[in-house]
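**Student:** Right, I'll just put the structure down here and ask away after.
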Amino acid sequence: MARFASIDMGTNTLRLLIAEVNTISTFRTIYSENRITRLGEGFSSQQRISPAATKRTLLALKHFQNIIKKEKVDEVFVVATRAVRSAENRDEFISIVRHKTDLSVTVLTGEEEARYTSIGVRLIFEDHKERDALMVLIDIGGGSTELVVTQGETPTVLLSLDLGAVTLTERFLFSDPPTLTEMRTLQDEVDGKLALIAPQFPKKCLFVGTAGTVTSLAAIELGMTQYNPDKINHYALKRGTIKDRLTQISRKPVSKWKDLPGLEKGREDILIAGTLMLLCIMDGFGYDEILVSDYGLREGLIMDQFKNKLNGTPQ
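Start counting the sequence shown at 17; every next residue gets the next number (the numbering used here).
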């Protein structure tokens, strides 16, 4: 049984996954950890990865490397998403990572990110009927949001919007709590982008979400004191519940609700923007419920690479 590690270098969070894979349907998580490094901090104005963010990221990567070595991993895959792919100093950053950690970073396009996420999310469905159902998948990240329409294994729509929880917060939400004008301006920006793509998304489908905003909302509703991905997978969030939670957190200073059970430390300041983004999608596309998946990009990357090795496809 092969043992793989994948590292997702996101705009807000670095995520490590170590898993064993034996067949295209046998996937066992060995270790999983997140480190919020805010790689895209200040990116909305600077368009560069800052020295401070680089330092935080390198520390997290070295920590991950120690775990990978201890777990005797056969192969490591490292990918970077929106912050790195859009940074003016991306080549310099990748070179620093290679020099300091000996890790090779692959920068994904938005479409590649969406495709790997789709592969990973499908792993939560054991029933073939669910796996083959018409699905819309969303991944609200720190720097971008990926949207996928898929039925079976072949996506028919793969989109990436430069609208993420970190970038939206930095661009529109300056007050604590945010003002009504700030909230409306953010919503207008998102609604305008969504209106252009809404016709591509079916109304009657299975609507599934992954990544920090959606999983955090599920963990909060479950009152989790310790994060449990098994309870997150398949959890159904109602639109009304999400709207009520947004009202609660947007009308009080962060200090009044930052200790909500289930809320990951370091995510407090971007939860409002991410939640509003989710509501805009649900309202714009006509969805009343979202099924939550802890699985996503990391799992999809490992499964895709494993299939390539089985088929003898060059990496």
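Heads up, the beta-carbon is just placed ideally off N, CA and C, and yes, glycines get one too.
#1: Can you tell me whether I286 is helix, strand or coil according to DSSP?
#2: Can you tell which of L119, L287, L179 has its C-alpha closest to the C-alpha of M25?
#3: Just the C-alpha distance for A68 and R283, rounded to the nearest angstrom, thanks.
#4: In angstroms with no decimal places, state the Cα-to-Cα distance between L212 and A35.
#5: Using C-beta distances below 6 Å, list every residue in its chain close to T45, excluding the 5 sequence neighbours before and after it, in chain order.
#6: I want to know whether the region 194-209 touches the region 224-238 - three or more CB-CB distances under 8 Å.
#7: Report the three-state DSSP secondary structure of T229 (helix, strand or coil).
#8: Please name the residue or residues paired with S48 in a DSSP beta bridge.
#9: How many angstroms separate the CA atom of S309 from the CA atom of G302?
#10: Name the two residues that bound the continuous alpha helix (DSSP H) containing L262.
#11: Excluding five sequence neighbours on each side, which residues of the same chain lie with their C-beta closer than 7 Å to the C-beta of P194?
#12: Any idea what DSSP makes of T201, helix, strand or coil?
#13: With DSSP as the reference, label R72 as helix, strand or coil.
#14: Around the C-beta of V113, are 16 or more other C-beta atoms found within 10 angstroms, so that it is buried, or is it exposed?
#15: Could you tell me whether the region 121-138 touches the region 86-101, where touching means 3 or more Cβ pairs closer than 8 Å?
#16: Cα-Cα, which of L313, L202, L292 is closest to A130?
#17: How is the beta strand (DSSP E) around I154 delimited, first residue to last?
#18: Check the C-beta distance from A103 over to I52 and give it rounded, since I have them as a contact under 8 Å.
#19: May I ask which residues mark the beginning and end of the beta strand (DSSP E) holding D24?
#20: What do you reckon, are the CB atoms on V165 and V152 nearer than 8 Å?
#21: Mind checking P171: buried by the 16 CB within 10 Å criterion, or exposed?
#22: Per DSSP, T161 is paired with what?
#23: Measuring straight from C-alpha to C-alpha, what distance separates A149 and Q167?
#24: Could you tell me the alpha carbon to alpha carbon distance between D246 and A99, rounded to whole angstroms?
#25: Check for me: the alpha helix (DSSP H) holding I110 runs from which residue to which?
#26: Nearest CA to the CA of N50: which residue from K323, P215, L32, W273?
#27: Ends of the alpha helix (DSSP H) at V270?
#28: What three-state label does DSSP hand Q321 in the structure shown?
#29: Please report the distance separating the alpha-carbon of I135 from that of L222.
#30: Check the DSSP bridge columns for E91 and list the partner residues they point to.
**Tutor:** From the atom records:
#1: helix
#2: L119
#3: 18 Å
#4: 38 Å
#5: A35
#6: no
#7: helix
#8: L33
#9: Here the alpha carbon of S309 sits roughly 20 Å from the alpha carbon of G302.
#10: 255-266
#11: S266, I288
#12: helix
#13: helix
#14: V113 comes out buried.
#15: yes
#16: The option with the nearest alpha carbon to A130 is L313.
#17: 150-156
#18: Not really, about 18 Å apart at Cβ, beyond 8 Å.
#19: D24: member of the beta strand (DSSP E) spanning 18-25, first to last residue.
#20: yes
#21: buried
#22: Bridge partners of T161: I156, L177.
#23: 6 Å
#24: 29 Å
#25: I110: member of the alpha helix (DSSP H) spanning 106-117, first to last residue.
#26: L32
#27: That residue, V270, is in no alpha helix (DSSP H); it is neither H nor E in DSSP.
#28: helix
#29: Each residue's Cα considered, the two are about 15 Å apart.
#30: Partner(s): F20.
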